[in-house]
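Q: Right, I'll just put the structure down here and ask away after.
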Amino acid sequence: MTDPTASHIVPGLLAQMAAGNEQAFRSIFDLYWDKIYSVSLAFTKSAALSEELTQDIFLKLWMGRSALPEVRQFEAYLFTIARNHIYNELRKKVREVPFVEELQHYFRENTLADDLLIMKDADNLIRKAVELLPPQQKAVFSMARFNGLSQEEIAQQLNISRLTVKVHMSKALQAVREQVLRNSDGLLLAFALYSLLAP
Numbered sequence: 001m002t003d004p005t006a007s008h009i010v011p012g013l014l015a016q017m018a019a020g021n022e023q024a025f026r027s028i029f030d031l032y033w034d035k036i037y038s039v040s041l042a043f044t045k046s047a048a049l050s051e052e053l054t055q056d057i058f059l060k061l062w063m064g065r066s067a068l069p070e071v072r073q074f075e076a077y078l079f080t081i082a083r084n085h086i087y088n089e090l091r092k093k094v095r096e097v098p099f100v101e102e103l104q105h106y107f108r109e110n111t112l113a114d115d116l117l118i119m120k121d122a123d124n125l126i127r128k129a130v131e132l133l134p135p136q137q138k139a140v141f142s143m144a145r146f147n148g149l150s151q152e153e154i155a156q157q158l159n160i161s162r163l164t165v166k167v168h169m170s171k172a173l174q175a176v177r178e179q180v181l182r183n184s185d186g187l188l189l190a191f192a193l194y195s196l197l198a199p
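Using full-length UniProt numbering, the final residue of the sequence shown is 199, and nothing's skipped along the way.
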């Protein structure tokens, strides 16, 4: 929750920001930086990426400052900007090897009991997403990720080519990732993404 003192000064700062006052922007930046950074870190588990995302979020806020006079619940407005930006960036980052490696390192170093419970929830989330896949994609994904079969073994069992297996797996991964991103947040999202990305 925002500091009561801050809640009184924010409307005035937003009005000044909308008029292009950079000092007012700096004040908003200082008031909310830690909160937005914490949200980013909960999603990404990467300090460097969280700092970059937080800077981007405040830049978006500044670039869209003309809309601020119409905002009634600023904190909710800012967190919506943050959530949308983080989700969009995660969709891009899940395809980048350095991000995958950093996420994997985090979970190898953090194996608390609470994390195991979240991992169970993440697995359930993934399995629900898999149930929504078309039959062939569902079969390929399940055989690969849940049964540990190789592409060659899947191709033989389904009587399809390895290329077809690759295509189905690629489409299935994309669909499951998107479903996970839509239906989870914080640690649950991170664990689910890790489960999808880990070799």
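Ideal placement from N, C-alpha and C gives every residue a C-beta, glycine not left out. Since the structure is predicted, the reported quantities are computational estimates derived from the model, not experimental observations.
By the three-class DSSP mapping on this structure, what secondary structure does Pro-11 have?
A: Helix.
Q: Helix or strand or just coil, what does DSSP make of Ala-76?
A: Three-state result, Ala-76: helix.
Q: In whole angstroms, what separates the C-alpha of Asn-124 from that of Glu-22?
A: In a straight line, the C-alpha of Asn-124 is about 46 Å away from that of Glu-22.
Q: Helix, strand or coil: how does DSSP classify Ile-86 here?
A: Note: Ile-86 maps to helix in three-state DSSP.
Q: Can you list, in chain order, the residues of its chain with a C-beta nearer than 6 Å to that of Gln-136? Leave out the 5 residues immediately preceding and following it.
A: Around Gln-136: His-168.
Q: In three-state terms, what does DSSP make of Leu-49?
A: Correct three-state label for Leu-49: helix.
Q: Answer with buried or exposed for Leu-13, where buried requires no fewer than 16 other C-beta atoms within 10 angstroms of its C-beta.
A: The residue is buried, with at least 16 neighbouring Cβ atoms inside 10 Å.
Q: If you reduce the DSSP assignment to three classes, tell me which class Ser-38 lands in.
A: Residue state, collapsed to three classes: helix.
Q: Taking 6 Å as the limit between beta carbons, can you name the residues of its chain near Ala-82, skipping five residues before and five after?
A: Cβ neighbours of Ala-82 beyond the five flanking positions: Ile-36, Val-39 and Ile-57.
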